[in-house]
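J.: In the numbering used here, the protein residues as written are 194 to 370. For every residue, glycine included, the Cβ atom is placed at its ideal position computed from N, Cα and C. Predicted, not measured: the structure shown is a model, and the values here were computed from it.
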Amino acid sequence: MISREEIEKGIAKYPIFEYAFFNTDELNFYPNVRKICEAQCPQYGNSWSCPPAVGTLEECRQRCTNYKNAFIFSTISEVKDILNMEEMLGARHEHTDIVQAVHREVFGKDADVLVLTAESCEICDVCAYPDARCKYPEKMYPCIESQTILVTEICENHNMTFLNGHNVVTWFCLILY
Ligand code: SF4
Numbered sequence: 194m195i196s197r198e199e200i201e202k203g204i205a206k207y208p209i210f211e212y213a214f215f216n217t218d219e220l221n222f223y224p225n226v227r228k229i230c231e232a233q234c235p236q237y238g239n240s241w242s243c244p245p246a247v248g249t250l251e252e253c254r255q256r257c258t259n260y261k262n263a264f265i266f267s268t269i270s271e272v273k274d275i276l277n278m279e280e281m282l283g284a285r286h287e288h289t290d291i292v293q294a295v296h297r298e299v300f301g302k303d304a305d306v307l308v309l310t311a312e313s314c315e316i317c318d319v320c321a322y323p324d325a326r327c328k329y330p331e332k333m334y335p336c337i338e339s340q341t342i343l344v345t346e347i348c349e350n351h352n353m354t355f356l357n358g359h360n361v362v363t364w365f366c367l368i369l370y
């Protein structure tokens, strides 16, 4: 298994803002997060990377706690206007590129890891869900909240900042290994 030192060495070349390591025993799974997805997110029921496609609460808990170790990192993007969707999407692509690089280059593309990241997968213009299988399962990263995990709680527990100022977007990635 990859060591903490190897991960720290591997991520040094990427523009990572903050990071933390912890044991998956610390993870809490909140049914209310699933309710918020259902009530407020347009991606609910529209993506393989979101509920209900990611499985029941119990399946998510099982999947996540099958791993012993957790590594969370954040990246930040400064945008001119946080309400400008085009700008936000561009900033999000930069974060996704870093997530992919850390997954493949640091952990290894064949490593047994669960990579969770910000928001719904956007690889395909139109998600294949529910009519066909996911087109790129090896590249698709479910949303952290889809597993009913609260990023804010992890941030509080590990002195990571969730809000970094006006027009600054903070993106997260949680890798279980
Ligand atoms: S890779 Fe395509 S099919 Fe799979 S979750 Fe992402 S958008 Fe949907």
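Please name the residue in F215, F210, E199 whose C-alpha comes closest to that of E346.
T.: F215
J.: Is any non-hydrogen atom of the ligand SF4 found closer than 6 Å to the C-beta of S339, if you look at the structure I gave you?
T.: no
J.: Buried or exposed: where does F355 fall if 16 or more other Cβ atoms within 10 Å of its Cβ makes it buried?
T.: Residue environment: F355 is assigned as exposed (fewer than 16 neighbouring CB atoms within 10 Å of its CB, all protein chains considered).
J.: Looking at C-alpha atoms only, which residue of T268, Q340, D290, E279 is the closest neighbour of A213?
T.: T268
J.: Between A284 and the ligand SF4, is there a pair consisting of the residue's CB and a ligand heavy atom that are separated by less than 6 Å?
T.: no
J.: Under 5 Å, CB to any heavy atom of the ligand SF4. Which residues pass, going along the chain?
T.: W241, S242, C314, I316, C317, C320, A321, C327, K328, Y329, M333
J.: List the endpoints of the continuous beta strand (DSSP E) containing V362.
T.: 361-369
J.: Keeping to the same chain, check which residues put their C-beta closer than 8 Å to that of P208; ignore five residues upstream and five downstream.
T.: T268, I291
J.: If we call anything under 7 Å between Cβ atoms a contact, is A263 one with T217?
T.: yes
J.: Count the CB pairs spanning the segment 275-284 and the segment 230-237 that are closer than 8 Å, and state whether there are at least three.
T.: no
J.: Going by DSSP in three states, V306 sits in which element: helix, strand or coil?
T.: coil
J.: Relative to the C-alpha of R254, which residue among G358, H351, V344, Q340 is closest?
T.: Restricting attention to G358, H351, V344, Q340, the CA atom closest to the CA of R254 is found in Q340.
J.: Taking Cβ to Cβ, would you say T310 is nearer than 7 Å to C348?
T.: no
J.: When you compare the CB positions of Y370 and V308, do they come within less than 7 Å of one another, or not?
T.: no
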